[in-house]
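Numbering (the UniProt record's numbering), first residue to last: 1 to 341.
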């Protein structure tokens, strides 16, 4: 659903901005889709706001009737469909918006919506600042910039949502939300996620031939140009994991049966990337899994990534696992991996 408002147009950095005043009785319709989606987007990788605190919303209602009250301007992002200049008033436009997303002021707006629903005669106006973007990473970075904190505070997510960190933004754009474990710093046995940001960084550093410290210092342009070679391989790998998970009945079940959906398995596969002729060869991993060659119980992985029936990433486990995987895939090992065969 699109919304039309009159607003003063401006620019700030790379964004076009629109600032106007919105009647409180209109807020419910304007942000109905946003609040409906906010309830469904439980994965923090798919949102730029925390889950709404209804207790705080009710407290805000307590001062909406005060004669003097503080009320900051909510900030939203939106896709701009069209804009029409208003004759005779510089920078004033009628702008048509869709995909309106509150970056700041979520609780204040919700409180005003509830108050307007309770009292149809209550009709004031609140200021609204709209930033013309629909990119999730921009929403997350705007939230972090305004609040001085990540959209959801955790060791894992701080690295992703820190807008001053090019590597975090790069990971968000190149690692699908469906595979990234962003709630915790580790992947649990029952998680339907595959890797953490830390493991993905480790894989990147290995493929780019840099240390983790050097990786974190690279500019976004350098990261993008350096990663172009490996991006097709990771895209193919996500597809392989999707197929394997579907056949096993989900990633948690696959994790019980196979070495592949573990940190050591993921890193070992990435270690094999440079040995492959093309990304399509990664699909042979599906064949290996079907033939039981990557099964935890096969015995092939004892002393490599299996110790007393447990998966381990310690010591040379990644190199030992990569050497065996490369052999099973029928690719020639490099001099380094030959040492671990």
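We put the beta carbon where it would ideally sit given N, CA and C, even for glycine. These figures come from a predicted structure and were not determined experimentally.
When beta bridges are read from the DSSP output, residue 104 appears opposite 75.
In the DSSP assignment, residue 256 falls within the unbroken alpha helix (DSSP H) covering 251 to 257. Between residue 10 and residue 17, the gap from beta carbon to beta carbon is short of 7 Å. Residue environment: residue 116 is assigned as buried (16 or more neighbouring CB atoms within 10 Å of its CB, all protein chains considered). Going by beta carbons, residue 259 and residue 250 fall outside the 7 Å limit. The C-alpha of residue 225 lies about 20 Å from the C-alpha of residue 197. Under the 8 Å Cβ criterion, the region 274 to 290 does not count as touching the region 213 to 221, having fewer than three qualifying pairs. Cβ atoms of residue 103 and residue 139 come within 8 Å of each other, at about 6 Å.
For residue 128, the enclosing beta strand (DSSP E) starts and ends at 125 to 132. Listed in chain order, the non-local C-beta contacts of residue 96 below 6 Å within the same chain comprise 2, 4, 81, 82, local neighbours out to five positions each way being set aside.
The bridge partners DSSP lists for residue 96 are 4, 82. Residue pairing of residue 109 in beta bridges, as defined by DSSP: absent, with no partner found. Straight-line measurement puts the Cα of residue 254 at about 12 Å from the Cα of residue 292. Residue 12 carries a strand assignment under DSSP once its states are collapsed to helix, strand and coil. If you check the CB distance, residue 187 and residue 111 do not come in under 7 Å. Under a 10 Å Cβ-count criterion, residue 263 is classified as buried, with 16 or more other Cβ atoms of the shown protein chains found around its own Cβ.
The C-beta distance from residue 176 to residue 238 rounds to 6 Å, short enough to fall under 8 Å. A direct Cα-to-Cα measurement between residue 335 and residue 207 gives close to 16 Å. Taking 7 Å as the cut-off, the Cβ atoms of residue 279 and residue 236 count as close.
Under the three-state reduction of DSSP, residue 55 is assigned to helix.
In this structure, DSSP gives residue 314 a state outside helix and strand, which the three-state scheme calls coil.
For residue 36, the closest of 62, 101, 168 by C-alpha to C-alpha distance is 101. The Cβ-Cβ distance between residue 319 and residue 340 falls below 7 Å. Residue burial annotation: residue 54 is exposed, with fewer than 16 other C-beta atoms found within 10 angstroms of its C-beta.
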